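Structure, as structure tokens:
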Amino acid sequence: MKKFSKQKTTIIVVLLLILVFLGLGMYWFINRNQAQEKADDKRNEQVSTKKVKNLNRSHVLIVYFSRSGQNYPGVNLKRGNTARIADEIKKVTGAQTFEIKPRVAYPKSYDKTVSQAEREQKNKARPKIKGELPKVSKYDTIFLGYPIWWDDIPMIVRTFMDQVDLNNKTIIPFSTNASSGWGKSLNTIHSVFPKAKLKKGFEIKGENAASAKAKVDSWLHDLGY
Ligand SMILES: Cc1cc2nc3c(=O)[nH]c(=O)nc-3n(C[C@H](O)[C@H](O)[C@H](O)COP(=O)(O)O)c2cc1C
1 MKKFSKQKTT IIVVLLLILV FLGLGMYWFI NRNQAQEKAD DKRNEQVSTK
51 KVKNLNRSHV LIVYFSRSGQ NYPGVNLKRG NTARIADEIK KVTGAQTFEI
101 KPRVAYPKSY DKTVSQAERE QKNKARPKIK GELPKVSKYD TIFLGYPIWW
151 DDIPMIVRTF MDQVDLNNKT IIPFSTNASS GWGKSLNTIH SVFPKAKLKK
201 GFEIKGENAA SAKAKVDSWL HDLGY
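Residues 1 to 225 in my numbering are what the sequence shown spells out, letter by letter.
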């Protein structure tokens with residue numbers, strides 16, 4: 001009787017051990033598969049995000065106007081304020097850039113430029129742009145950058161807007177100013193391109209443009225870049 005129960009105990013222990021090993025084996029197998037699946041999903045996700053980013057980049061164009069040189073009496077800018085924002089957008093999105101340059105440069109003097117810009121706005125002038133314009137039909141998203149001049153978009157940017165059709169495209173405005181915020185500029189964009197989709201833009205005081213990297217990056221991040 002004693003012998004039988006000893007044998008029985010041994011068999012039960014062996015069976016239990018087999019069960020434990022089987023259980024551990026199954027656990028390891030399932031875990032390994034799940035980890036493998038997760039790794040595959042992550043890799044696929046990275047590949048498709050990369051694809052989307054590349055795809056987006058090739059359809060995005062940054063167009064901007066900015067005036068370097070004397071900004072305010074005593075303030076000389078090597079690079080214009082709006083140009084600095086454009087540089088950061090380019091860095092983050094990798095998009096193509098087109099800088100609107102006047103065929104006849106604006107005066108070096110700030111005051112003379114202010115007077116000229118006032119006349120241009122009063123006369124609804126369309127100052128000529130240097131060089132060829134980009135073929136905007138290739139792009140579906142346009143970042144449009146400008147300084148506020150007399151509470152609105154500089155007339156040289158209006159020249160650009162007259163010569164391209166941005167209806168049915170996405171326009172993302174960005175702007176620098178002394179104190180006017182957007183001024184009338186968003187209304188102007190909407191009135192020229194009523195069928196464009198106007199996305200959340202970025203506006204900042206010119207004096208803060210050089211240190212705006214973090215703000216620009218966060219705005220772009222919110223837009224999906
Ligand atoms: C001709 C001219 C007109 C301006 N008019 C305004 C204005 O109405 N409101 C404002 O806040 N700033 C005005 N400014 C200031 C500019 O918007 C500001 O300095 C801007 O950052 C300049 O950008 P930029 O360096 O890219 O040209 C004016 C500047 C100039 C040269």
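C-beta: ideal position from N, C-alpha, C; glycine also. Predicted model only: the values in this text are computed from it and were never measured.
Ordered along the chain, which non-local residues of its own chain (more than five positions away) have a Cβ less than 6 Å from that of L220? Here residue 220 refers to the residue found at position 220 when the sequence shown is read from its first residue. Cβ within range, chain order: V92.
If you measure from the CB of N71, is any heavy atom of ligand 1 nearer than 7 Å? Position 71 of the sequence shown, counting from 1, holds the residue named residue 71. Relative to ligand 1, the nearest heavy atom lies less than 7 Å away from the CB of N71.
Leaving aside the five residues before and after I89 along the sequence, list all residues of the same chain whose C-beta is less than 6 Å from its C-beta, in chain order. Within the sequence shown, numbered from 1, the residue matching residue 89 stands at position 89. So the qualifying residues of the chain are I62 and F143.
Kindly provide the ranges of any alpha helix (DSSP H) runs that are 4 or more residues long and lie completely inside the segment 126–203, ordered along the chain. Listed in chain order, they are 155–163 and 185–192.
Just to confirm my understanding: we take A125, look at its own chain, exclude 5 residues before and 5 after, and list those with CB closer than 8 Å. What are they? Position 125 of the sequence shown holds residue 125. Cβ neighbours of A125 beyond the five flanking positions: R119 and M155.
Residue from A178, F160 and K169 whose Cα sits closest to the Cα of K138: Translated into the one-based positions of the sequence shown, residue 138 becomes position 138. Distance check between K138 and each of A178, F160 and K169 places K169 closest, using alpha-carbon atoms only.
Going by DSSP, what residues sit across from I102 in a beta bridge? The residue labelled residue 102 in the question sits at position 102 within the sequence shown. The sequence given here has Pro at residue 102, not Ile. Answer by DSSP bridge pairing, in chain order: I129.
With a threshold of 16 other CB atoms inside 10 Å of the CB of D152, please say whether the residue is buried or exposed. Within the sequence shown, numbered from 1, the residue matching residue 152 stands at position 152. Buried, by the Cβ-count rule.
Looking at I172 and T141, is the spacing between their C-beta atoms short of 8 Å? Within the sequence shown, the letter at position 141 stands for residue 141. Within the sequence shown, the letter at position 172 stands for residue 172. Yes, the Cβ-Cβ distance between T141 and I172 is below 8 Å.
Since Y64 is in the alpha helix (DSSP H), which residue starts that stretch and which ends it? Here residue 64 refers to the residue found at position 64 when the sequence shown is read from its first residue. For Y64, there is no enclosing alpha helix (DSSP H); the enclosing beta strand (DSSP E) has its first and last residue at V60 to Y64.
Express the C-alpha separation of A35 and G201 in angstroms, rounding to a whole number. Here residue 201 is taken as the residue at index 201 of the sequence shown, counted from 1. Here residue 35 is taken as the residue at index 35 of the sequence shown, counted from 1. Straight-line Cα distance between these residues: approximately 42 Å.
Around the Cβ of F160, are there at least 16 other Cβ atoms within 10 angstroms (buried) or fewer (exposed)? Residue numbering aside, residue 160 sits at position 160 when the sequence shown is read from its first letter. By the neighbour-count criterion, in which 16 or more other beta carbons inside 10 Å mark a residue as buried, F160 falls on the buried side.
Of the residues D87, F21, Y146 and P107, the one placed nearest K205, counting alpha carbons only: The residue given as residue 205 occupies position 205 in the sequence shown. Measuring C-alpha to C-alpha distances from K205 to each of D87, F21, Y146 and P107 identifies Y146 as the nearest.
Within 8 Å, strictly: CB atoms of L182 and E207: Here residue 182 corresponds to residue number 182 of the sequence shown, with the count starting at 1. Here residue 207 corresponds to residue number 207 of the sequence shown, with the count starting at 1. Per the sequence shown, the amino acid found at residue 182 is Trp instead of Leu. Against a cut-off of 8 Å, the Cβ pair of E207 and W182 comes out as no contact.
In the structure shown, what three-state DSSP assignment does L19 receive? Position 19 of the sequence shown, counting from 1, holds the residue named residue 19. Residue state for L19 is assigned as helix, using DSSP reduced to three classes.
Coarse secondary structure for L24, derived from DSSP in three states: As a working mapping, residue 24 is identified with position 24 in the sequence shown. Per DSSP, reduced to three states, the secondary structure at L24 is helical.
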